[in-house]
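Some notes on the structure that comes next.
Chains as they are written, first to last, in this note's numbering: chain A, 205 to 832; chain B, 84 to 403.
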């Protein structure tokens, strides 16, 4: 609750709305206690007194009634009626929506078609019809306004409920023996209440206006009872001669509705989880770079792509998540480097940092360099970075359905990827796109080019993703778990495709994965990451056959491999450390069976010996002799 | 050995493309009539790729989805109502996504209490006692009980999911990809926990997964699903080592294994048949190197081929 208020207070306008609304509500609540004149006593001798006249602070109306008193009593009534209508509409609309969304099928159809019928009439005509049928009066106006607003709630809540009703926790509740009524009340309802509150806070102002509108037309509150709408309606005839009589209630309506709407927007922003997570803040075009020391712009390097002591952090509020702390890697043309690690080990962030693709905020590159043929790309001017992205260094991502645009044909997306970097005619682009699709072994490339992503299977989409990465003949491909979402038969096809491509084209591939089997088959060298650092690196076979770091050894041991039969697995106890609170010394120490006091004192360097390297004081095998 | 779970001719057909009035335009057979049995104390592994009907099968087995045809017998007694509460006491379900199977707005205690109260009508003290026992056996601390699901890692949340399934005191658990959302180091912890619990409580498992190596490591027997049908069934140590169905062989050859040279085990098209327009014969015929006219015309049925092996193929691969 306090977090909610804090979020709300960050929005200045909403805070203003809250204060004004608070004042209005407080005034309405204490109205009966204030020393006011009776709002309904007429005194035609004192008609149309101006504001600030003796005994009448805001003057009097056409019957000589005290305007201040009428205004406060009217506000009280209007607020009450508006709030009552909102609650009535929210409760009945939400009930209809939840029942329709939860049960679905025929129930849904019946209820929602009923709601659709309510929506088929212009709302004011419907309200007028209801009042006409029930007869004028404030209660009937309230009912009319509430009924007119039921569809808004019903449709909103139904949409949310449909999503919730298919969640696994609802299935789990059924299996725990809950009845439908209990599931609706105890599983669904708590999850839709925030939506109901949001919908109410944004519509209550509207309902006050609508009630005032009906009263203005003489269908709501009946004389002499005052509400804001009827005060306006009665003052209408003297609008020119005595404007204050209509301006005062009009101004009150404006103040109420404005402050409610501002407050409602604030409540919505504070409650909506998507807005809270900052999803609406647009990331910058390239990751923010804030390096203490600036490495040389250009130095000769051995590899085609090499990372030097890369540091990438996420700054969220006052916490610093050290996602990548000091990673050095390099790949040569035609080589495939595997980067292996569990979730949160920093393997994807390393890959995204290379081309400045880590979302900022909150990502910041705080140190190191990423060199393509010796030239540092971190902190490069955006136009330079953009011309490199996709042309020299291309990415393949895990989920091709998320990376392909659903509304464009795959061919057009391929052509666009090419034309970003060089001008190309339409016919030439199409021919090149077909050639690309053929190169990733998509059958019937000529007809597939006009397919939309949803018309393809997962494996075919990932081929398109690879074709797109190949579009500009890049030197380096960074593949971030490209086969994790695919079936194993499809995975085998994609892996052999990638392998052929790098041999034919001399591509350097950085392949990020959590699967040792894939690394063992595809990669020449492998780097094992844990808590943002490389703990072991070397040629694939020696590392997999005789791992030096205990983490690598334990990780290999705990993954079942096909053909070993039923057995107990060697689990690693515990969890990886959180990267915002890394321990001193070795990050793996508290899960390691070989841990000694020395492991937890100082940073442990990555010791190199020949082609292999390990970050451990007590490695499983001595790597120096092996690689000799 | 007694039979814990017997499924006879179970199938599920979904209508598709509703017309404005009346029936559906077409139908998709998600699960073709299927007969399976699981012995008490056994783990039956179900493997298959996406779209093979393994989740539909699982949901029918726990009563979340009414079957189109067929019967489910649990420990000799038929369960023919699609009422999860009736199923709940005898067969339970562990979900794939541990976080989304826990209601974000309930504490772990509230989540754990529901099956105890509703299925077994336990009073407060009995519930407290039972929750403590279960939490002990899944290695969770009792102070987790007053926290909310989002505070837990995937592995912990999956333990809570398993604890909830145990609370119902069902003796059969359907494990639907219980570790595929977990990291490999945590995956091994959960798999070992499942093995320990099975021994401790004498449970029977139906373990569904797409990961061949995981299924092989935990199962006694394995059934391979393709396009809604069981194509092969056999002992876990045999089925991938000596597959008799060409599809099982394709799966085994596709699994990445360190040291095996990388090659595409399949030449040509690898798309599943269109479920709206299924082929008349064997669903795998299009991808099968041994397919003949007979395979394309008639669908093979599952037949006993060895002491513990059944296969649905006209031209099974030679035995070892």
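For glycine and all other residues, C-beta sits at the position ideal for the given N, C-alpha and C.
Is it buried or exposed for residue 564/A, if we count other Cβ within 10 angstroms and need 16 for buried?
Walking along the first chain from the start, residue 564/A turns up at place 360. Answer is buried; the Cβ neighbour count reaches 16.
DSSP beta-bridge partners for residue 579/A?
Here residue 579/A is taken as the residue at index 375 of the first chain, counted from 1. Per DSSP, 502/A, 576/A.
How about residue 832/A: is its C-beta nearer than 8 angstroms to some C-beta of chain B?
Here residue 832/A refers to the residue found at position 628 of the first chain. In this predicted model, residue 832/A has a pLDDT of only 38, less than 50, meaning its place in the structure is not dependable; the value taken from the coordinates is given anyway. No, no contact with chain B.
When the Cα of residue 716/A is compared with those of 512/A, 679/A, 724/A, which residue comes out closest?
Within the first chain, residue 716/A is the residue found at index 512, counting from 1. For residue 716/A, the nearest C-alpha among the options comes from 724/A.
Exposure of residue 387/B, with buried meaning 16 or more beta-carbon neighbours within 10 Å:
Your numbering for residue 387/B matches position 304 in the second chain. Counting Cβ neighbours within 10 Å, residue 387/B comes out exposed, since fewer than 16 surround it.
Taking only beta-carbon atoms, is residue 328/B less than 8 angstroms away from chain A?
Here residue 328/B refers to the residue found at position 245 when the second chain is read from its first residue. No, residue 328/B lies away from the interface with chain A (no Cβ there is under 8 angstroms from its Cβ).
Just to make sure I have the definition right: I need the residues of chain A whose C-beta is within less than 9 angstroms of the C-beta of residue 343/B. Which are they?
Taking the second chain and counting its residues from 1, the one referred to as residue 343/B is at position 260. By Cβ distance, chain A contributes 721, 724, 725.
Ordered list of beta strand (DSSP E) runs contained in the segment 745–816 of chain A, each at least 3 residues:
811–813
Within this structure, are the beta carbons of residue 309/B and residue 367/B separated by less than 8 angstroms?
Sequence index remark: in the second chain, residue 309/B carries index 226 (1-based). Sequence index remark: in the second chain, residue 367/B carries index 284 (1-based). Contact: yes.
Could you check whether residue 752/A and residue 818/A sit closer than 8 angstroms to each other, using their CB atoms as the reference points?
Taking the first chain and counting its residues from 1, one reaches residue 818/A at position 614. Taking the first chain and counting its residues from 1, one reaches residue 752/A at position 548. Yes, they are a contact pair.
Which residue marks the beginning of the beta strand (DSSP E) containing residue 743/A, and which one marks its end?
Taking the first residue of the first chain as position 1, residue 743/A is located at position 539. Run containing residue 743/A: 737–743, per the beta strand (DSSP E) assignment.
If you count every other CB in all the chains shown that lies within 10 Å of the CB of residue 806/A, and 16 or more means buried, which is it?
Taking the first residue of the first chain as position 1, residue 806/A is located at position 602. Its Cβ having fewer than 16 others within 10 Å, residue 806/A is exposed.
Three-state secondary structure assigned by DSSP to residue 830/A:
Here residue 830/A refers to the residue found at position 626 when the first chain is read from its first residue. Because the pLDDT at residue 830/A is just 48, under 50, the model does not fix this residue reliably, and the value given afterwards should be weighed accordingly. Residue 830/A falls in the helix class under three-state DSSP.
Count the other CB atoms within 10 Å of the CB of residue 626/A; is the residue buried (16 or more) or exposed (fewer)?
Residue 626/A sits at position 422 when you count from the first residue of the first chain. Looking at its Cβ environment, which holds fewer than 16 other Cβ atoms inside 10 Å, residue 626/A is exposed.
Using the beta-carbon count (16 or more within 10 Å), is residue 126/B buried or exposed?
On the second chain, residue 126/B is found 43 positions in, with the first residue counted as 1. Its Cβ being crowded by 16 or more others within 10 Å, residue 126/B is buried.
If the criterion is Cβ atoms closer than 8 angstroms, does the pair residue 319/A and residue 354/A meet it?
Walking along the first chain from the start, residue 319/A turns up at place 115. Walking along the first chain from the start, residue 354/A turns up at place 150. Yes, Cβ-Cβ distance for residue 319/A and residue 354/A is below 8 angstroms.
Given residue 198/B, which residues of its chain have a CB within under 6 angstroms of its CB, disregarding the five upstream and five downstream residues?
Residue numbering aside, residue 198/B sits at position 115 when the second chain is read from its first letter. 250, 251.
Residue 171/B (DSSP reduced to helix, strand or coil)
The residue you call residue 171/B lines up with position 88 of the second chain. Of the three classes helix, strand and coil, the one that applies to residue 171/B here is helix, per DSSP.
In chain A, which residues lie less than 7 angstroms from residue 184/B when you measure between Cβ atoms?
By one-based count along the second chain, residue 184/B stands at place 101. Near residue 184/B (Cβ distances below 7 angstroms), the residues of chain A are 372, 373, 376.
What ranges does the alpha helix (DSSP H) occupy inside the segment 523–585 of chain A, keeping only unbroken runs of at least 4 residues that lie completely in it?
551–558
By DSSP, does residue 599/A sit in helix, in strand, or in coil?
Here residue 599/A refers to the residue found at position 395 when the first chain is read from its first residue. Three-state result, residue 599/A: strand.
DSSP three-state assignment for residue 444/A, whether helix, strand or coil:
Counting from 1 along the first chain, the entry for residue 444/A is found at position 240. Looking at residue 444/A - three-state DSSP - the assignment turns out to be coil, as it is neither helix nor strand.
Compare the Cα-Cα distances from residue 372/A to each of 254/B, 207/B, 255/B, 261/B and report the closest residue.
Here residue 372/A refers to the residue found at position 168 of the first chain. Here the closest residue by C-alpha is 261/B.
Quick one: any contact between the segment 761–769 of chain A and the segment 290–306 of chain B, if contact means 3 or more CB pairs under 8 angstroms?
yes
Under 8 angstroms between C-beta atoms of residue 286/A and residue 415/A
Counting from one through the first chain, the residue named residue 286/A turns up at place 82. Counting from one through the first chain, the residue named residue 415/A turns up at place 211. Closer than 8 angstroms, so yes.
Bridge-paired residues (DSSP) for residue 593/A:
Residue numbering aside, residue 593/A sits at position 389 when the first chain is read from its first letter. Residue 593/A pairs with 597/A.
Scan the segment 372–421 of chain A and note each continuous alpha helix (DSSP H) run of 4 residues or more that stays entirely inside, going in chain order.
372–379, 384–387, 393–420
Are the C-beta atoms of residue 762/A and some chain B residue less than 8 angstroms apart?
Position 558 of the first chain holds residue 762/A. True, the Cβ-Cβ gap to chain B drops below 8 angstroms.
Do we get a CB-CB distance below 8 angstroms when we pair residue 691/A with the residues of chain B?
Sequence index remark: in the first chain, residue 691/A carries index 487 (1-based). Chain B contact via Cβ: present.
Pairing CB atoms from the segment 607–615 of chain A with CB atoms from the segment 660–674 of chain A, are three or more of them under 8 angstroms?
yes
Contact the segment 559–579 of chain A vs the segment 538–549 of chain A: 3+ CB pairs below 8 angstroms:
no
Quick one: grab the DSSP three-state call for residue 97/B.
Along the second chain, one-based indexing puts residue 97/B at 14. The answer is strand: DSSP assigns residue 97/B an E or B state.
Identify the contact partners of residue 878/A in chain B, using a Cβ-Cβ distance below 7 angstroms as the criterion.
Because residue 878/A is not part of the residues shown, which for chain A are 205 to 832, the question remains open.
Give the range of the alpha helix (DSSP H) segment to which residue 239/B is assigned.
On the second chain, residue 239/B is found 156 positions in, with the first residue counted as 1. 237–250 is the span of the alpha helix (DSSP H), which, as asked, contains residue 239/B.
Are residue 820/A and residue 754/A close, meaning C-beta to C-beta below 8 angstroms?
Taking the first chain and counting its residues from 1, the one referred to as residue 820/A is at position 616. Taking the first chain and counting its residues from 1, the one referred to as residue 754/A is at position 550. Cβ distance < 8 angstroms, so residue 820/A and residue 754/A count as in contact.
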